[in-house]
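If you read the sequence shown in my numbering, its first letter stands for residue 148, the second for the next number, and so on.
Beta carbons are placed, not taken as given, at the ideal position from N, Cα and C, and that holds for glycine.
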Amino acid sequence: MSASAARQRALRRGRTGEALAAWWLRLKGYSVLARGHATGRGTGAGEIDLVVRRGGVLAFVEVKARAAMTDALHAVTANQRRRIARAAEAFLARRPDLTACTMRFDTVMVAPWRLPRHIPNAWRMDA
148 MSASAARQRA LRRGRTGEAL AAWWLRLKGY SVLARGHATG RGTGAGEIDL VVRRGGVLAF
208 VEVKARAAMT DALHAVTANQ RRRIARAAEA FLARRPDLTA CTMRFDTVMV APWRLPRHIP
268 NAWRMDA
């Protein structure tokens, strides 16, 4: 398989994983406010897979689609967490109406033939 074919396959797996995670979180009572929110190149911030809200809780969600749940569990690196935290700050700067919400960072792990696994408070912004 060529590098570009492998990349396309990974992107497709990621989009499918994000769709499954959004569906799972909606079943749990969350409203999806944003999907694939990117802050732009050169900002030092990354993309947020999902931004969801339930009541007064606003969650920035990183979705990891892997062949096995154990692989997904360890897939969010410290560098990624920092980029996602910066992206969350940029998102909130554009949505001041949400700053009163309790903020947290969640992970949803997706693997074939398994229900998604939602981990609330997977990490803290100051970590």
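Thinking C248 and R173 are a contact (beta carbons under 8 Å), I'd like their distance in whole angstroms, please. Position 101 of the sequence shown, counted from the start, is the residue given in the question as residue 248. Position 26 of the sequence shown, counted from the start, is the residue given in the question as residue 173. Not a contact, Cβ separation roughly 18 Å.
Which first and last residues belong to the beta strand (DSSP E) in which A247 is found? Position 100 of the sequence shown, counted from the start, is the residue given in the question as residue 247. That residue, A247, is in no beta strand (DSSP E); it is neither H nor E in DSSP.
C-beta atoms of R229 and W270 nearer than 7 Å: Stepping through the sequence shown from its first residue, residue 229 is reached at position 82. Stepping through the sequence shown from its first residue, residue 270 is reached at position 123. The answer is no: Cβ separation not under 7 Å.
Of all the options S151, F207, G202, G164, which has the alpha carbon lying nearest to the alpha carbon of P259? Position 112 of the sequence shown holds residue 259. Comparing Cα positions, the closest option is G164.
Per DSSP, which residues does I266 bridge with? Please list them. On the sequence shown, position 119 is the one that residue 266 refers to. Answer is T254.
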